[in-house]
Amino acid sequence: MCGIVGYVGSKKIGSRLIEGLKRLEYRGYDSSGIAAISEKQLQFTKKVGRVKVLEQSTPKAYENATTGICHTRWATHGAVSEANAHPHMSSDGHFALVHNGVIENYTQIKSFLTTKGYTFASETDSETLVNLIAYHYDKEPEVKDGSRFLESVRKSLLHVEGTFGIAVISELYPDELVCARRGSPLIIGVGKEEHLIASDVNAITHCTQNVVYLNDNEIVHLNKDDFSISTISNVSVDAVIQTVDWDTSEAELGSFKHFMEKEIFEQPNALENGMRGRFSDDGSTAFFGGLNLSPQELQQVDRLVFIACGTAWHACLIAEYLIERYARIPVEVEYASEFRYRNAPLDKNTLIIAISQSGETIDTLSALKEAKRKGYKTLSINNSVGSSIARECDGGIYQHAGPEIGVASTKAFTSQVMLCSMLALYFGRSRNLSYADGCEIVRALKQLPELTKKTLETTEQVQKIAKKYAHYEDCLFLGRQMMFPIALEGALKLKEISYIHAEGYPAAEMKHGPIALISEQCPSVFLTMNGEMFQKTLANIKEIKARKGAVICIAPEKCDLPKDAVDDLIQIPDAHDILLPILMSIPVQLLSYYIALERGCDVDKPRNLAKSVTVE
Ligand code: G6P
2 MCGIVGYVGS
12 KKIGSRLIEG
22 LKRLEYRGYD
32 SSGIAAISEK
42 QLQFTKKVGR
52 VKVLEQSTPK
62 AYENATTGIC
72 HTRWATHGAV
82 SEANAHPHMS
92 SDGHFALVHN
102 GVIENYTQIK
112 SFLTTKGYTF
122 ASETDSETLV
132 NLIAYHYDKE
142 PEVKDGSRFL
152 ESVRKSLLHV
162 EGTFGIAVIS
172 ELYPDELVCA
182 RRGSPLIIGV
192 GKEEHLIASD
202 VNAITHCTQN
212 VVYLNDNEIV
222 HLNKDDFSIS
232 TISNVSVDAV
242 IQTVDWDTSE
252 AELGSFKHFM
262 EKEIFEQPNA
272 LENGMRGRFS
282 DDGSTAFFGG
292 LNLSPQELQQ
302 VDRLVFIACG
312 TAWHACLIAE
322 YLIERYARIP
332 VEVEYASEFR
342 YRNAPLDKNT
352 LIIAISQSGE
362 TIDTLSALKE
372 AKRKGYKTLS
382 INNSVGSSIA
392 RECDGGIYQH
402 AGPEIGVAST
412 KAFTSQVMLC
422 SMLALYFGRS
432 RNLSYADGCE
442 IVRALKQLPE
452 LTKKTLETTE
462 QVQKIAKKYA
472 HYEDCLFLGR
482 QMMFPIALEG
492 ALKLKEISYI
502 HAEGYPAAEM
512 KHGPIALISE
522 QCPSVFLTMN
532 GEMFQKTLAN
542 IKEIKARKGA
552 VICIAPEKCD
562 LPKDAVDDLI
572 QIPDAHDILL
582 PILMSIPVQL
592 LSYYIALERG
602 CDVDKPRNLA
612 KSVTVE
C-alpha cells in the first residue's frame, strides 16, 4: 500500500530516495512521485506505473538536491493518474506533501479552502491537506520564522479527521522536513549529517540501522543535524532511538527469481528461528518472553478471541482447532474489520490475540484498540519489531521469520501457525495437557524445520502438476478439520497471484453447493489427513471423480489412498498431526507459485493487492 520516503541531509537525494522507494515496491502501488528542492525551487515529477519509470523520468538536476520526499500511491480517492499521484503541491507552489491514510473530512476542508481562493489539481483528499498547510502559513505571519513551517503543519492537523502519515517540504525552508503520524506508520532514520523518514523500516536500512518509531499524534521537525518530536497538541516528546536488528541482505533476492520463491524456501529457517529458545528445559512445554501474563492471569483466561485479516486470519482458524483440542479453552476467530464494529459481548476473562505479519494492518490495529478501550488484555503474534500492533498490545510474540517481501504471505503464515501450535501447548500445559503429551508435542515441533526441508523436495513434482493445471479458470480446495483453513489459504494464494477463481471449503460442505461447479473444467485440490476423517474424505473425492472433476491430492506418505483414486498425488512426510497444517501448506504455496508463473503473472506484485493494508 502507499509508501513514503523523505530525506534531509548533506548527501544528494538521488540514490537515497529512489532506492528507498524501490524497497517499498513490494507493498503494492499503482503510481509514484518525487518532489525535491532543486536550485532553490520546489520541483516534482509523477508517473503512473513502476518506480523505474519514475526513476527514468526524474530530471538529473534532482540528483544534487539534499531535501526531498517521494511516494508510492495505491489509489483510494480518485483514479490512477499522474494528477492524483503524490507529492501534492499547495496551489501557491510553496509546499509539497506526501500522505498515507485517509482525510475523512476533506470535502469540508476543500469547500472552505475554495472560498479562500485555493485551487485543486487532483481528486485526492491529500491535496486538501497541503493547501490547508499553505493557508495556515499565510494566516499566521506573527509566528517567529524558525517554527512557522512546523506550526502551520501542526495547526492544520488539528483540523483533520481521519488517518495520516505525512511528510512535508517547503521551498521557503529548503533544509527542513516536517512529518507527522496518526494511524499510519512513520519511522525516522537517524544517520550522520542526515535524517530519513519512511513508512516502512525497509526503506531506511540501506542508509542507517538507527531508527525512531513515531507514535500516533506526534509531529517531527527535522534538519540534517537535529530533529525534535512533539505531540500535535504541542507537548514535547523524548525520542527513543532503536537499532533495527535485521540484516538488509535478507530483503534482497539473491539467487531466487522472486521473493515469493525465496520466502517459500526460507521456511525451514524461519520456523527454526521462531521456536529458538522457546521450549522449557525439561522439554515438556513452550514459553514466550514477551507475553506479560502472570500465572494467575493465565489461569483466569476462559476464552480467547483471535482477530486478523487475510492470510493471518487463516492462521487464527488453525489456532482455534489446536487450542480447543490441546488446552480446552473456547476460541473464537473474527475478521478484525467485523470485530471492530460488532459490539460482541465478551467477559472480563477474555483474552484478545491479534495476528499480523506487518503489524500495521489498519483493521487489525483498530480492532485491537477497540478491545483495549473496552478493558481487555491484548496480545499479538507479529513479524515486525516495533510495529504499531506490537506497541499497542499488552504483550506478544515476535515471529522472527525475517522480512517478508512477496505480497502473497508464505513464511509468515507457516511461522504464525507454528507459534499458534506452541501457544496451544503453552496453554494446554498450564491446564490439563499431561507432561508426556507435552513432551511428545515438543519432540514433534523440534522436527519441523527438517520435515519442512523434506517437504520442499516435492518442488519438481509440483512444478509439473502446475503446468498441467495452469489453464483452468476455476479451482476448489477441500479439506476437513485443520485442513479446512489450509483449503481457504490455498484458494486465497491461487487467486491472489494467478487470478484463477478459487474457493476453499470444508470437504463435506462441498455437497451443499460447490458440487454444482464440478465438471471437467473445474479441478479440486484435496488436503487429506490420516485418521478418523480419512475414509470420509475419500468418499468426497469419489463424489468429485463421479462428476468428471480432476482431483489433485496432497497427503502424508502413509495415507492409504486406493490406486487411481486421484489424478495427481503429492506426498508429504508422515508427521505428528500438529505439524500437518504447516507441511501441507508447502505444496499448496508451490502450486500457486508455479501456476502463476505458467500464466505469466507478476508473482511478487499481483494486480490491485497491497502487502500491508493501511486504509480501512
Ligand atoms: C494484505 C496482504 C495479505 C495479508 C493481509 C493481512 O491483504 O496482501 O497477504 O495476509 O494483508 O496482513 P498482516 O500484515 O496483518 O498479516
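The opening position of the sequence shown corresponds to residue 2 in the numbering used here, with each subsequent residue numbered one higher.
Glycine included, each C-beta is placed from N, C-alpha and C at the ideal position.
Euclidean distance between Cα positions of residue i and residue j
{"i": "D246", "j": "V202", "result": "11 Å"}
{"i": "A445", "j": "L452", "result": "10 Å"}
{"i": "T379", "j": "F121", "result": "43 Å"}
{"i": "L457", "j": "P582", "result": "14 Å"}
{"i": "V6", "j": "T411", "result": "27 Å"}
{"i": "S39", "j": "D176", "result": "11 Å"}
{"i": "Q448", "j": "D282", "result": "17 Å"}
{"i": "R329", "j": "S82", "result": "53 Å"}
{"i": "L151", "j": "D364", "result": "30 Å"}
{"i": "I442", "j": "A287", "result": "10 Å"}
{"i": "H401", "j": "G284", "result": "21 Å"}
{"i": "L173", "j": "L43", "result": "9 Å"}
{"i": "A240", "j": "V589", "result": "45 Å"}
{"i": "A508", "j": "N541", "result": "7 Å"}
{"i": "E521", "j": "A409", "result": "28 Å"}
{"i": "K546", "j": "R608", "result": "34 Å"}
{"i": "F257", "j": "F266", "result": "10 Å"}
{"i": "A566", "j": "T459", "result": "20 Å"}
{"i": "S357", "j": "E393", "result": "13 Å"}
{"i": "R182", "j": "V238", "result": "14 Å"}
Nearest neighbour of residue i, chosen from the options [CA to CA]
{"i": "D348", "options": "Q358, V306, S385 and L366", "result": "V306"}
{"i": "S422", "options": "A409, H78 and F289", "result": "F289"}
{"i": "I198", "options": "I189, K41 and C602", "result": "I189"}
{"i": "I579", "options": "I19, G550, A551 and M484", "result": "M484"}
{"i": "K494", "options": "N106, K606 and V241", "result": "K606"}
{"i": "C71", "options": "T244, L477, V169 and G94", "result": "V169"}
{"i": "S123", "options": "A345, G505, H78 and K375", "result": "H78"}
{"i": "Q464", "options": "L591, Y322, A345 and Y377", "result": "L591"}
{"i": "S157", "options": "E521, C317 and K111", "result": "K111"}
{"i": "K48", "options": "N65, A84 and G15", "result": "A84"}
{"i": "G21", "options": "V52, K41 and T46", "result": "V52"}
{"i": "S686", "options": "Q42, E393 and N101", "result": "The chain is shown only over 2 to 617; residue 686 falls outside these bounds and no answer can be derived."}
{"i": "D561", "options": "N270, L55 and M530", "result": "M530"}
{"i": "N270", "options": "I519, A413, S295 and N293", "result": "A413"}
{"i": "A691", "options": "E339, I382, S388 and G387", "result": "Only positions 2 to 617 of the chain appear in this structure, which leaves residue 691 out of reach."}
{"i": "A355", "options": "H196, S499, A316 and V552", "result": "A316"}
{"i": "V334", "options": "E371, I353 and E262", "result": "I353"}
{"i": "S593", "options": "Y500, G10 and V213", "result": "Y500"}
{"i": "V604", "options": "S92, V131, K263 and T538", "result": "K263"}
{"i": "K12", "options": "A36, N65, L598 and I498", "result": "N65"}
{"i": "L323", "options": "L299, L434, H196 and Y30", "result": "L434"}
Whether residue i touches residue j by CB criterion (8 Å)
{"i": "G480", "j": "A492", "result": "no"}
{"i": "T73", "j": "I104", "result": "no"}
{"i": "H222", "j": "V191", "result": "no"}
{"i": "S385", "j": "G403", "result": "no"}
{"i": "G550", "j": "S586", "result": "no"}
{"i": "L187", "j": "H160", "result": "no"}
{"i": "H95", "j": "S171", "result": "yes"}
{"i": "Y27", "j": "I406", "result": "yes"}
{"i": "P88", "j": "G166", "result": "no"}
{"i": "I233", "j": "I220", "result": "yes"}
{"i": "N106", "j": "E162", "result": "yes"}
{"i": "L366", "j": "I390", "result": "yes"}
{"i": "M419", "j": "L528", "result": "no"}
{"i": "P1", "j": "E504", "result": "Outside the displayed range of the chain (2 to 617) lies residue 1, so it cannot be described from this structure."}
{"i": "M90", "j": "A97", "result": "yes"}
{"i": "P574", "j": "K455", "result": "yes"}
{"i": "I571", "j": "Q462", "result": "yes"}
{"i": "E194", "j": "D227", "result": "no"}
{"i": "G396", "j": "G291", "result": "yes"}
{"i": "A471", "j": "E617", "result": "no"}
Minimum Cβ-Cβ distance from residue i to chain C less than 8 Å
{"i": "L151", "result": "Annotation note: the requested chain C is absent from the structure, which comprises a single protein chain."}
Suppose only complete runs of 3+ residues qualify. What are the beta strand (DSSP E) ranges in the region 328-393, listed by chain order?
332-336, 351-357 and 378-383
Can you list the beta strand (DSSP E) stretches of 3 or more residues lying completely in the region 427-492, in chain order?
475-480
Give the list of continuous alpha helix (DSSP H) stretches no shorter than 4 residues that lie fully inside the region 495-547.
535-546
Pick out the complete alpha helix (DSSP H) segments inside the region 54-122, 4 residues or longer, and give them in chain order.
107-116
Output the residue ranges of the alpha helix (DSSP H) runs that lie fully inside the region 225-270 and measure 4 residues or longer, sorted by chain position.
260-266
Residue ranges of each beta strand (DSSP E) within the region 141-221, 3 or longer:
165-171, 174-183, 188-192, 195-199 and 211-214
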